[in-house]
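K.L.:
Take any residue in the sequence shown, count from 1 to its spot, add 736: that is its number in my numbering.
One structure is given below, represented as structure tokens, and several questions about it will come after.
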Amino acid sequence: MTPASRVFIAGGDTLVGAALLDLLPQRGFTNLVGTSSDEPELTDAHQVAAFFRDARPEYVFLVGGPSGGIGRNRTHPANLMLANLQTITNVIDSAHRFGVCKLLYLASSCAYPRNAPQPLRIESLCTGPLEPTSESYATAKLAGWKLCEAYRAQYGCRFVTGFPANPFGPHDDFGADSGHVVPALLRRIHEATERGDPELVVWGTGRPRREFIYSRDLADACLFVMRHYDGTAPINLGGGSDLTIAQVARTIADVVGYRARLVFDSTKPDGAPLKVLDSSALLALGWRPATDFRSAVAETYTWFRRHTAKEGHIHACATV
Ligand code: GFB
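What follows is the structure, given as structure tokens:
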């Protein structure tokens, strides 16, 4: 991959796509194709094929397809599964047909079996039942990994799959009901502070643990893997903070300056009890995350405030 390589971020409107769009030019990659207005609708097979035929991308980051937090996964399993399956099949097949040099596909840590041993190792994939709250989305994500493997086996395509920790950052979906825990709580705690609410309800028991990764660090890991990893096995993309949801809520309250009470509503689902990745393969290659959790939350909050003030609303994008 050279600065002149034609690079396509399939899913530039997602959390990770936005971070890649920021990062790649900073690292000297200026020949980005399919950015903003000329990005094809990824669920449309004809648009995607026509785009690959005309733009001829050489390197593809497949980070597209909608996602959401535990709320959106429960209310929209069909939309999430269908749009992800369409995105995956369209982009992967076109990448093969139009001779892409290398593709990195981002799956999700929710594709691991619910009760797999922790930290989650690649060997545990497909060894047990999935977490029910995200089964449809996770099944589509697993299909994407298997499709990459199939194209590698049949055609020798250099298609690599990464399983990221839970990402968050600027351009996230800050919807109170649709977003993942960090952006959803940032918004809800921000609004509770402005109203002076005496307490804030946090979903679930507060006991589940998650590993988080700042979207800028994840974009950096994606670029690193594109340049330095070409194995047939998928690779976990983590190595950062592992926190309980109660710790997450308290950190966010602290960053926002919310001094009132946090109440845990155990009638709301916890989802998987624990999700922490074994990222030893990535770390052994020399990659490290740069941003600690609290600093990443603070940066994300700054972005959120700037955009709330400017737009009067928060753009909910399709996060990975
Ligand atoms: O981030 P989250 O929605 O995703 O929820 P998952 C993580 C934990 O935070 C759960 C709790 O235990 C939630 O109950 N939580 C507390 C909240 N308050 C809130 C809140 O206001 N909003 C949200 N969303 N959660 C997702 C999958 O699972 O992980 C997706 O559903 C995707 O498919 C993503 O893979 C990475 O980690 O539970």
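The C-beta atom is built at its ideal place from N, Cα and C for all residues, glycine as well.
1) Considering only DSSP beta bridges, list what D780 is partnered with.
2) Note down, in chain order, each residue of its chain lying with its Cβ closer than 7 Å to the Cβ of G805, except the 5 sequence neighbours on either side.
3) According to DSSP, simplified to helix, strand and coil, what is R1039?
4) Could you check what DSSP says for K1094 in three-state terms: helix, strand or coil?
5) Can you give, in chain order, each stretch of the alpha helix (DSSP H) that sits fully within the stretch 813 to 897 and has at least 4 residues?
6) Quick one: measure Cβ to Cβ for L816 and N809, integer angstroms, because I've assumed they're closer than 8 Å.
7) If you draw a straight line from the C-alpha of L998 to the C-alpha of L856, how long is it?
8) First and last residue of the alpha helix (DSSP H) that includes R924?
9) Given A874, which residues of its chain have a CB within under 6 Å of its CB, disregarding the five upstream and five downstream residues?
10) Take A876 and list the residues in its own chain whose beta-carbon comes closer than 6 Å to its own, dropping the five residues that flank it on each side.
11) For a test of your reading of the model: does the CB of W939 fall under 7 Å from any non-hydrogen atom of the ligand GFB? Yes or no.
12) On the three-state DSSP scale, how would you describe I1050?
13) What three-state label does DSSP hand T1055 in the structure shown?
14) What residues in its chain sit with their C-beta under 7 Å from that of T1038, if we drop five residues either side in the sequence?
15) Give a single yes or no on whether I858 has its beta carbon closer than 7 Å to a heavy atom of the ligand GFB.
16) Give the secondary structure of L1018 by DSSP, where H, G and I count as helix, E and B as strand, and everything else as coil.
17) Return the Cβ separation of V752 and L1021 in integer angstroms, given the expectation that the two are a contact with Cβ distance under 8 Å.
18) Compute the Euclidean distance between the alpha carbons of H1043 and R924, then round it to the nearest angstrom.
P.N.:
Checking against the coordinates, here is how it stands:
1) Looking at the DSSP assignment, D780 forms no beta bridge with any residue, so it has no partner.
2) S914, G915, H916, V917, A920
3) Per the sequence shown, residue 1039 should be read as Trp rather than Arg. In the three-state scheme derived from DSSP, where H, G and I count as helix and E and B as strand, W1039 is classed as helix.
4) Nothing in the structure corresponds to residue 1094, since the chain is present only between 737 and 1056.
5) 813 to 833, 871 to 891
6) Cβ atoms of L816 and N809 come within 8 Å of each other, at about 6 Å.
7) 30 Å
8) 917 to 931
9) Its chain contains C846, A847, L866 as the residues whose beta carbon lies nearer than 6 Å to that of A874, once the 5 sequence neighbours on both sides are disregarded; these appear in chain order.
10) Within the same chain, A876 has close Cβ partners M817, N820, L821.
11) yes
12) Low per-residue confidence applies at I1050: pLDDT is 45, beneath 50, and the placement is therefore not dependable enough to give any value.
13) Because the pLDDT of T1055 is 43, which lies under 50, any placement of that residue in the model is unreliable, and the number read from its coordinates should be weighed accordingly. Residue state, collapsed to three classes: coil.
14) Within the same chain, T1038 has no close Cβ partners at all.
15) no
16) helix
17) The Cβ separation is near 19 Å, so there is no contact.
18) 15 Å
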